[in-house]
Amino acid sequence: MKYVIAGCGSAGISAAHEIAKWDDKGEIIIISEDHHPFYRRMHLVEFIAGRLQESNIIRTEQDVFKDIDVKVLAGKRIVSIKPEENRIRFTDGENQDYNFLLLATGAKPDLNELEFYQNNFYSVNSLNDAVRLKRAAAEAESAVIIGSNFLAVELARAFLNLGLETHLVSRKERFWTRDAMGVTKNDIEAVLKNSQVRRHDDRGIADIQDIDGEMWRVITKSGVKIDAKLIVSAQRMAPNIGYTIYSGIKTDRGILVNEELRTNIPNIFAAGDCAQFYDINRGMHRINLGWASGTKQGQTAGQNMAGKDKVYVIANDEFFLDLKGKNLLERWK
Ligand SMILES: Cc1cc2nc3c(=O)[nH]c(=O)nc-3n(C[C@H](O)[C@H](O)[C@H](O)COP(=O)(O)OP(=O)(O)OC[C@H]3O[C@@H](n4cnc5c(N)ncnc54)[C@H](O)[C@@H]3O)c2cc1C
19 MKYVIAGCGS AGISAAHEIA KWDDKGEIII ISEDHHPFYR RMHLVEFIAG
69 RLQESNIIRT EQDVFKDIDV KVLAGKRIVS IKPEENRIRF TDGENQDYNF
119 LLLATGAKPD LNELEFYQNN FYSVNSLNDA VRLKRAAAEA ESAVIIGSNF
169 LAVELARAFL NLGLETHLVS RKERFWTRDA MGVTKNDIEA VLKNSQVRRH
219 DDRGIADIQD IDGEMWRVIT KSGVKIDAKL IVSAQRMAPN IGYTIYSGIK
269 TDRGILVNEE LRTNIPNIFA AGDCAQFYDI NRGMHRINLG WASGTKQGQT
319 AGQNMAGKDK VYVIANDEFF LDLKGKNLLE RWK
């Protein structure tokens with residue numbers, strides 16, 4: 019049996035381990051568009067902040083799959099899927115066939131209203147993004163972060179650590195709208211108030227202007243003007259599912275899967291940030307971004323691909339806030 023896993027993140031890796039556990043004769047192939055796919059994504063902010071080196075966050079293939087046999091195809095971007103031929107197609111024109119396919123392609127920044135300005139700012143989703151941003155931060159004195167969520171707050175902490183004058187521009191009504199694992203909006207507001215972060219609660223971005231090829235001017239909808247060399251978009255993340263178009267795989271905001279994480283096509287599954295799974299407790303489809311839920315969904319999908327009959331039940335908001343033993347608030351001390 020040939021199992022193909024699209025994505026080398028928490029969902030894809032945990033699925034590979036489960037498949038190997040339950041089908042020791044199966045062939046497992048894991049694919050990533052990243053040329054260096056194995057790194058600890060949730061440690062990227064600490065890397066940007068200069069608290070971790072690249073060597074601390076990069077993992078090797080041997081380390082990730084030390085007890086199991088997995089073929090890794092790195093630097094291969096999936097452009098389309100043909101379920102009727104059990105085949106995926108890459109941007110380089112090559113194909114890969116499968117008996118079972120897991121889609122675990124994660125999420126990507128949803129640029130939303132900033133799409134028009136996308137050449138003017140950085141965003142962080144991969145190790146390469148983080149390397150680029152860190153390099154740019156080393157040459158800047160001030161930075162503007164545009165965002166209202168976890169990543170925006172974390173980047174503010176990183177930039178303060180680098181000694182940058184740090185501005186955080188948020189949409190007032192979108193700022194920290196969900197209590198993530200016990201950390202409330204009040205907790206975050208208190209932490210930011212006691213810090214050097216300059217907050218701008220606003221209605222959105224009206225313009226991003228190039229002043230002189232080096233400095234940018236961010237103009238908010240309330241007319242506030244902030245000049246900086248470095249602008250970072252940390253807007254919300256959205257499931258990365260563009261390649262499913264015309265495949266017949268049902269999608270909504272993410273790839274729609276049932277409680278077994280199976281799509282409408284019986285031999286195709288989805289797990290992690292790209293999946294919109296059926297929550298049997300709430301009776302609705304949901305997306306749950308996060309490292310821990312990616313791992314758990316990957317395990318369930320892997321077991322079911324190998325013939326088990328498991329149901330994914332979400333325990334909580336499975337976002338992982340503990341970073342090297344420190345929760346989100348302790349990191350500011
Ligand atoms: C900076 C940052 C900090 C974070 N901090 C935390 C945190 O503290 N706690 C937490 O719980 N979560 C955190 N997250 C979120 C967490 O990393 C994700 O929820 C988790 O990685 C999701 O795992 P996944 O396997 O679904 O997808 P990902 O880990 O995103 O992996 C997606 C994989 O799919 C591959 N891929 C994508 N598109 C294609 C394609 N077309 N063709 C081939 N391959 C493709 C990518 O190369 C990658 O290997 C953070 C994310 C970021 C970006």
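For the sequence shown, my numbering assigns the number 19 to the initial residue and increments by one for each residue that follows.
Ideal Cβ placement from N, Cα and C applies to all residues, glycine included.
Beta strand (DSSP E) segment containing residue i, residue limits
i, result
"Lys3", "Limits of the chain in this structure are 19 at one end and 351 at the other, which puts residue 3 out of reach."
"Val275", "Ile273 to Val275"
"Ala45", "The amino acid at residue 45 is misidentified as Ala; the sequence shows Glu. Glu45 to Ser50 is the extent of the beta strand (DSSP E) around Glu45."
"Arg77", "Neither: Arg77 is in no beta strand (DSSP E) and is coded neither H nor E."
"Leu91", "Lys89 to Ala92"
"His53", "Segment: none, His53 is in no beta strand (DSSP E) and carries neither H nor E."
"Ile298", "Per DSSP, Ile298 belongs to no beta strand (DSSP E) and is neither H nor E."
"Met255", "Met255 to Pro257"
"Pro127", "Ala125 to Pro127"
"Leu248", "Leu248 to Ser251"
"Thr238", "Trp234 to Thr238"
"Asp228", "Ile223 to Asp228"
CB-CB length for residue i against residue j, believed under 8 angstroms
i, j, result
"Glu159", "Lys247", "7 angstroms"
"Asn258", "Thr109", "14 angstroms between Cβ atoms; not a contact."
Cutoff 9 angstroms: residue i Cβ touching any chain B Cβ
i, result
"Lys203", "The structure shown contains no chain B; it is built from a single protein chain."
Own chain partners of residue i with C-beta closer than 7 angstroms, once the 5 adjacent residues on each side are dropped
i, result
"Ala176", "Val63, Ile66 and Ala67"
"Glu232", "Lys247"
"Thr281", "Ile267, Lys268, Ile273, Leu274, Val275, Phe287 and Ala288"
Same chain only: Cβ atoms within 6 angstroms of residue i, ignoring 5 sequence neighbours per side
i, result
"Ser18", "An answer regarding residue 18 cannot be provided, because it is not within the stretch 19 to 351 covered by the chain."
"Ile47", "Val22 and Lys89"
"Cys26", "Ile48, Ser50 and Pro55"
N- and C-terminal bounds of the alpha helix (DSSP H) containing residue i
i, result
"Asp147", "Leu145 to Ala156"
"Met323", "Trp309 to Met323"
"Phe168", "Phe168 to Asn179"
"Ser32", "Ser28 to Trp40"
"Leu210", "Lys203 to Lys211"
"Val63", "Leu62 to Ile66"
Own chain partners of residue i with C-beta closer than 8 angstroms, once the 5 adjacent residues on each side are dropped
i, result
"Ile223", "Glu131, Leu132, Tyr135, Ile164, Val187, Val236, Ile237, Thr238 and Lys239"
"Phe352", "What is shown of the chain runs 19 to 351, which leaves residue 352 out entirely."
"Val329", "Glu277, Glu278, Ile298 and Thr318"
"Glu45", "Met19, Lys20, Tyr21 and Lys89"
Below 8 angstroms, how does it come out for the segment 233-243 and the segment 214-225: are there three or more Cβ pairs, yes or no?
yes
Assess, as a yes-or-no matter, whether the segment 305-314 is touched by the segment 281-297 under the definition of 3 or more beta carbon pairs within less than 8 angstroms.
yes
Between the segment 81-96 and the segment 202-209, do three or more beta carbon pairs fall short of 8 angstroms?
no
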